[in-house]
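Residue numbers (our numbering): 4 to 757. Report on one structure; see the data block that follows.
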């Protein structure tokens with residue numbers, strides 16, 4: 004069921020409700036005085052549309068990391084949602100690959116985790132018919148000859164026919180070379196003579212999705228790794244200097260073209276003007292010679308995933324363009340071809356444990372030359388509200404702030420474009436009126452003398468959160484007074500965009516196209532990297548142990564063909580299931596002057612001594628994924644605490660601490676680290692007096708460790724008291740320990756009674 008059908012169902016109920024309300028009003032009100040607008044209420048329809056697009060389970064935030072992510076998200080099929088299955092009730096039968104998926108849904112691309120098999124992708128050639136069924140194209144076979152006629156069949160129609168594979172050998176006229184052709188009918192595979200066959204597949208890649216069709220040598224990869232590969236291509240961050248793969252599948256250009264991120268010519272003509280923001284084309288055959296087609300380019304815009312969307316013109320003035328010619332590249336494309344990563348010189352060689360367990364060793368050249376540098380843009384916003392005590396104000400006059408903290412703000416109190424900001428910098432100076440209940444008589448006197456001037460305000464400025472720095476690239480201000488549509492109670496919204504160039508660093512996740520993912524463990528100086536006999540240093544070292552058990556041999560074949568292409572200056576398209584054979588690759592390697600095995604003698608960069616065995620060296624296409632260490636790294640000294648338990652909050656978003664659970668406590672107990680354990684459970688967590696004392700001691704430089712009673716113990720005692728159990732706590736000398744102020748009063752009373 005498509006979006007339109009789901010929306011139609013929602014609208015149907017909304018209109019029924021609207022009709023019912025109108026009928027009720029007709030019976031209640033006087034007909035003479037009625038106007039049509041008194042009868043009809045549009046509220047149910049508006050509410051239904053808002054609910055459908057705003058909070059429906061199937062209404063999702065578009066995945067905009069790169070063009071491929073956008074394309075695949077739009078081609079997604081979902082078995083969950085209203086009228087669908089629930090995760091818990093879906094068994095293996097529903098999730099598993101079925102023979103009716105052939106040519107309709109991709110058997111490879113599906114998420115890992117609880118949604119596996121419930122969320123799938125459309126296959127490359129699928130179309131949806133008028134009744135909402137998926138259809139896939141087949142070539143008609145007539146009298147044992149494959150014709151050029153294409154027919155679309157649904158899964159129900161297809162079950163009646165014998166269908167040959169796309170790989171069946173045929174002549175240019177469509178005559179089958181073999182007497183027995185392997186074919187399928189419903190779920191069975193048999194061999195039949197050509198005369199008994201009715202249809203034939205159009206292409207070998209019709210059974211898989213766009214994302215899977217971008218993996219070269221897919222047929223040499225294990226299915227699990229192919230799944231990871233197709234999912235990880237969607238997470239590749241658009242780079243500053245993209246580079247199309249040397250070894251592709253021929254789908255790169257088509258995927259980029261149909262993703263919607265490129266600027267394409269609407270009609271043929273001549274380019275008359277090119278700038279970074281506009282392209283003008285004079286159309287052919289225009290009646291008015293001054294008529295121009297104007298194409299606006301998007302510059303450094305933020306996507307939903309904080310990556311950067313930017314158009315670069317690729318035509319020059321005077322170029323003649325046809326309809327549909329690519330005029331400008333988008334993110335992660337180069338000359339109209341999808342370019343999600345970079346081609347790197349790689350060696351499968353262990354290096355001092357730095358590529359143990361899928362870690363990756365990378366050369367400093369990659370960082371210095373901005374090979375994997377990407378731009379990330381974050382948005383921060385603040386609202387100026389009407390409060391009970393008066394409106395909030397944007398101002399430069401922020402209380403208790405040094406002049407240095409305000410130096411980048413303009414006279415209104417908003418940060419200037421181009422300012423470099425770090426964690427804690429003020430982006431928008433804002434003050435909120437304070438309640439006047441906490442005021443003293445003296446203050447009231449001043450207030451009555453000076454009027455509004457001495458009115459107390461508190462600082463509620465928008466500051467840059469922890470762990471973020473960058474440059475301000477844009478400021479947007481929406482004001483109610485200028486007619487902008489804002490939520491009730493909000494007078495103005497200020498949005499600030501902060502951009503940061505992120506180079507590759509230790510902890511970033513990288514991956515190839517075959518599910519071979521890893522984390523950068525060390526960035527090594529170029530001179531220390533292993534090098535070839537001609538002095539070329541490797542860019543990246545992967546662990547050879549990552550290949551055999553995972554059975555993704557596509558990466559080996561890709562590296563070999565990539566090496567040949569790099570040396571010969573050629574780019575290759577090896578379509579899925581029609582890839583280059585091992586012999587072809589070896590011939591290409593021989594032609595390029597490299598060894599047929601693609602192995603070479605490598606020398607250690609530190610000593611110059613050759614490694615014992617020859618090492619497999621090649622060119623692999625590597626992606627930098629969206630899981631960046633800058634977004635995940637987090638540390639806390641002091642910060643916010645939970646109200647009830649007084650323990651530090653959890654998670655990076657709350658600036659929290661690390662969780663110390665039951666099992667961690669057991670580990671420390673088993674080790675016998677008693678003092679460390681006591682510290683972790685008291686002064687580093689919820690012993691309020693103890694942590695105040697220890698902070699003071701650290702500031703003064705004294706040595707002390709005063710562990711007291713944790714607040715969670717107090718919570719327990721209070722809960723027991725709430726159940727009617729009076730609990731008193733005594734120390735070793737049988738003196739009562741007060742837990743609350745009330746306890747102190749009671750102990751004092753008992754003391755005075757004696």
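Even glycine gets a Cβ: it sits at the ideal position worked out from N, Cα and C. All of these numbers come straight from a predicted model, not from anything done at the bench.
Listed in chain order, the non-local C-beta contacts of residue 45 below 8 Å within the same chain comprise 21, local neighbours out to five positions each way being set aside. For residue 323, DSSP records a beta bridge to 273.
Take residue 119, set aside five residues on each side of it, and the residues of its chain with a beta-carbon closer than 8 Å to its own are 98 and 113, in chain order. Short of 6 Å from the beta carbon of residue 192, and not among the five residues preceding or following it, lies no beta carbon of its own chain. At a Cβ-Cβ threshold of 8 Å, residue 228 and residue 516 do not count as neighbours.
A contact is defined here as three or more CB-CB pairs under 8 Å, and the stretch 50-64 fails this definition with respect to the stretch 197-210.
Distance between residue 494 and residue 396, taken at the CA atoms: about 10 Å. Spatial neighbours of residue 750 in its own chain (CB-CB distance under 7 Å, excluding positions within 5 residues in sequence) are listed in chain order as 739 and 741. For residue 587, the uninterrupted alpha helix (DSSP H) segment begins and ends at 585-595.
Within the same chain, and ignoring the five residues on either side of residue 320 in sequence, the residues whose Cβ sits closer than 6 Å to its Cβ are 274 and 277. Taking C-beta atoms as the reference points, residue 563 and residue 654 fail to come closer than 8 Å.
Per DSSP, the beta-bridge partners of residue 473 are 424. Counting only the Cα atoms, residue 687 lies some 13 Å from residue 715. DSSP places residue 47 in the helix class (H, G or I) of the three-state scheme. By the Cβ test, the stretch 123-131 is in contact with the stretch 205-221, since at least three Cβ pairs between them sit closer than 8 Å. Here residue 698 carries a helix assignment [DSSP, helix/strand/coil].
The beta carbon of residue 150 sits closer than 8 Å to the beta carbons of 142, 143, 144 and 177 from its chain, once the five residues preceding and following it are set aside; these are given in chain order.
It is roughly 52 Å from the alpha-carbon of residue 542 to the alpha-carbon of residue 133. In this structure, residue 387 keeps its C-beta atom at 8 Å or more from the C-beta atom of residue 412. Distance from the Cα of residue 89 is smallest, within the candidate group 550, 122 and 571, for 122. DSSP, reduced to helix, strand and coil, places residue 194 within a strand of the structure shown. According to DSSP, residue 412 shares a beta bridge with 418.
Residue state for residue 139 is assigned as strand, using DSSP reduced to three classes. The shortest C-alpha to C-alpha distance from residue 261 to any of 246, 289, 213 and 242 is the one to 213. Residues of the same chain with a CB within less than 8 Å of the CB of residue 698, apart from the 5 flanking positions on each side, are 641 in chain order. Per DSSP, reduced to three states, the secondary structure at residue 739 is strand. Leaving aside the five residues that flank residue 367 on each side, the residues in its chain whose CB is nearer than 7 Å to its CB run, in chain order, 526, 527, 528 and 529.
In this structure, residue 217 sits away from residue 181, with a CB-CB distance that is not shorter than 8 Å.
From the listed residues 310, 590 and 711, the smallest Cα separation to residue 734 is found for 711. Straight-line spacing of the CA atoms in residue 700 and residue 682 works out to 15 Å. Straight-line spacing of the CA atoms in residue 289 and residue 304 works out to 33 Å. In this structure, residue 137 lies away from residue 258, with their beta-carbon atoms at least 8 Å apart.
With a contact defined as Cβ atoms closer than 8 Å, residue 270 and residue 292 miss out at about 15 Å. Beta-carbon to beta-carbon, residue 499 and residue 434 are separated by about 18 Å, too far to satisfy the 8 Å threshold. Taking the CA atoms as reference points, residue 474 sits about 28 Å from residue 266.
The shortest CA-to-CA distance from residue 247 to any of 69, 338 and 198 is the one to 338.
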